[in-house]
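Asker: Structure below; questions to follow.
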Amino acid sequence: MVAFDIFNNNAFSTTSLMAAIEKVPFQPQFLGSLGLFEDMGVLTEGVWIEERSGVLNLIQTSPRGAPLAQRTTEKRAARGFMTPRLAKADTIRASEIQGIRAMGSENELMEAQAEVARRLSGPTGLMAELEMTNEYHRLGAIQGILLDADGSTLYNFFTEFGVSQPTEIAFDLTGANAAGTTVGAPEKLRPFIQQQVVRPMTRAAQGLLTTASRIIGLCGDSFYDDIRSHGDVRQTYLNQQAAASLRDGTAFDQFDYGGVTWVNYRGTDDNSTVAIGVDKVKFFFRNAPGLFKRALSPGEFFDVVNQKGRPVYPKIIPDNERQIKVDIEVYSYPLHICTRPATLYSGKRGS
């Protein structure tokens, strides 16, 4: 502990505070928490995705003794992708921390080691920025279009795999898909979801699914509020113990209905940088082996030559000659891929 006169120094360094308040923005990580993406460490800067298009054919009857029809071999195709490079740096200079008190303290100088750790792995450090970028890339991959930070397209997986992007589904929740007004009226919303979402997505998966597979509907705020309060959904829950949840707040919550888990996605605090449009919903499968992958290329450093890629390469580079500064750097080389973009559906609120 280093004591100093709190009255004769710069206000930031010396003024006694009632409390230290550090605003930390919310970091979206829902998609990361699902474990959707299977990591593949690779030895190269690019990866190849091989596709085998299998088709089951009906067997035509034939007379006994006649020549047999020959099975058609599946077509194979391989597509190459380069892994993007995510890298960012920060620099701490000795002059920045000279005589500066520690956050929340009136009489302790900020230690260089603690400041390095904060800027590397703190709530707003480089590692946090990298994780938010990973979530942004996951969000792009589950929509079939991987975007860069500036909004430009890195990869359009619909184009890359030669499939048509499914047409956005209109959920007219107050019109054509509105709940019936009479007692015992048949549901409209559930069959609509089955016809427009569940069945076509399941068919597009082409045998990829398991009994644990589940459709997730990632919703923007307004879409979620409307479908959560839809009469058909409420009627489904009224006779269940879960009916109590209808009285609770629903922001950033989730519920099951019609074979879909509907999730109010919480993005960044500006509801823009990493977010689902307020009137939108994005559908994808969870627990579908091989559907989502993350290729990790190796770092560009001698100490990792000929090693498989890892999720992140942090570097702390001190100025050993002059002792003036410390450079902090993080590098990552991930490619988030959807191998079956035909399974990715989307919807909107309204007609």
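Using our numbering, you'd call the opening residue of the sequence shown number 249 and step up by one each time.
Heads up, the beta-carbon is just placed ideally off N, CA and C, and yes, glycines get one too.
Predicted model, so just to flag it, every value in this text is computed and none were measured.
#1: Between Pro273 and Arg514, what straight-line distance do the alpha-carbon atoms span, to the nearest angstrom?
#2: Under the rule that 16 or more other beta-carbon atoms within 10 Å means buried, what is Ile390, buried or exposed?
#3: Evaluate the contact criterion for the segment 278-286 versus the segment 382-399: three or more CB pairs, one atom per stretch, below 8 Å.
#4: Would you call the segment 460-469 and the segment 521-538 in contact, with 3 or more CB pairs under 8 Å?
#5: Could you tell me the distance, in whole angstroms, from the CA atom of Thr587 to the CA atom of Asn512?
#6: Once the 5 residues before and after Asp396 are set aside, which same chain residues still bring their CB inside 6 Å of it?
#7: If you count every other CB in all the chains shown that lies within 10 Å of the CB of Gln444, and 16 or more means buried, which is it?
#8: Excluding the five sequence neighbours on either side, which residues of its own chain have a C-beta within less than 6 Å of the C-beta of Thr339, listed in chain order?
#9: When we look at the beta-carbon of Leu378 and count the other beta-carbons within 10 Å, is it buried (16 or more) or exposed?
#10: Measure the alpha-carbon distance for Pro566 versus Arg542 and round it to whole angstroms.
#11: Can you tell me which residues form a DSSP beta bridge with Ile463?
#12: Measuring CA to CA, which of Asp398, Asp480, Tyr472, Asn404 is closest to Pro434?
#13: So is Ile585 buried or exposed if we call it buried at 16+ other beta carbons inside 10 Å?
#14: My output table needs one value for Ser281: the three-state DSSP class, helix, strand or coil.
#15: Could you give the C-beta distance for Asp527 and Gly468, rounded to a whole number, given that I count them as a contact under 8 Å?
#16: Tell me the rounded alpha-carbon separation between Glu416 and Glu344.
#17: When we look at the beta-carbon of Val508 and count the other beta-carbons within 10 Å, is it buried (16 or more) or exposed?
#18: Quick one: what's got a C-beta closer than 8 Å to Ile269's C-beta in the same chain, skipping five residues either side?
#19: Quick check on Ala389: does DSSP put it in helix, strand or coil?
#20: Going residue by residue through the segment 392-472, where are the continuous alpha helix (DSSP H) segments of at least 4 residues, counting only ones entirely within it?
#21: Could you give the residue range of the beta strand (DSSP E) that holds Leu544?
#22: One question on the structure: do Leu294 and Thr331 come within less than 9 Å of each other, judged by their Cβ atoms?
#23: Measuring straight from C-alpha to C-alpha, what distance separates Asp474 and Gly557?
#24: Report yes if the C-beta distance between Gly595 and Val552 is below 9 Å; otherwise report no.
#25: What's the C-alpha gap between Ala317 and Gln454?
#26: Per DSSP, what kind of secondary structure is Ile269 in: helix, strand or coil?
#27: In the structure shown, what three-state DSSP assignment does Ser343 receive?
Answerer: In this structure, then:
#1: 12 Å
#2: buried
#3: yes
#4: yes
#5: 25 Å
#6: Leu402
#7: buried
#8: Lys573, Asp575
#9: buried
#10: 32 Å
#11: Val508, Phe533
#12: Asp480
#13: buried
#14: helix
#15: 6 Å
#16: 52 Å
#17: buried
#18: Bear in mind that the predicted position of Ile269 carries a pLDDT of just 44, short of 50, making it unreliable; the figure below should be weighed with that in mind. Within the same chain, Ile269 has no close Cβ partners at all.
#19: helix
#20: 405-408, 437-441, 447-453
#21: 540-544
#22: Residue identity differs from the one stated: residue 294 is Gly in this sequence, not Leu. Contact: yes.
#23: 44 Å
#24: no
#25: 25 Å
#26: Its pLDDT being 44, under 50, Ile269 is placed unreliably in this model, and the value from its coordinates should be taken loosely. In the structure shown, Ile269 sits in coil (DSSP, three-state: anything other than H, G, I, E or B).
#27: helix
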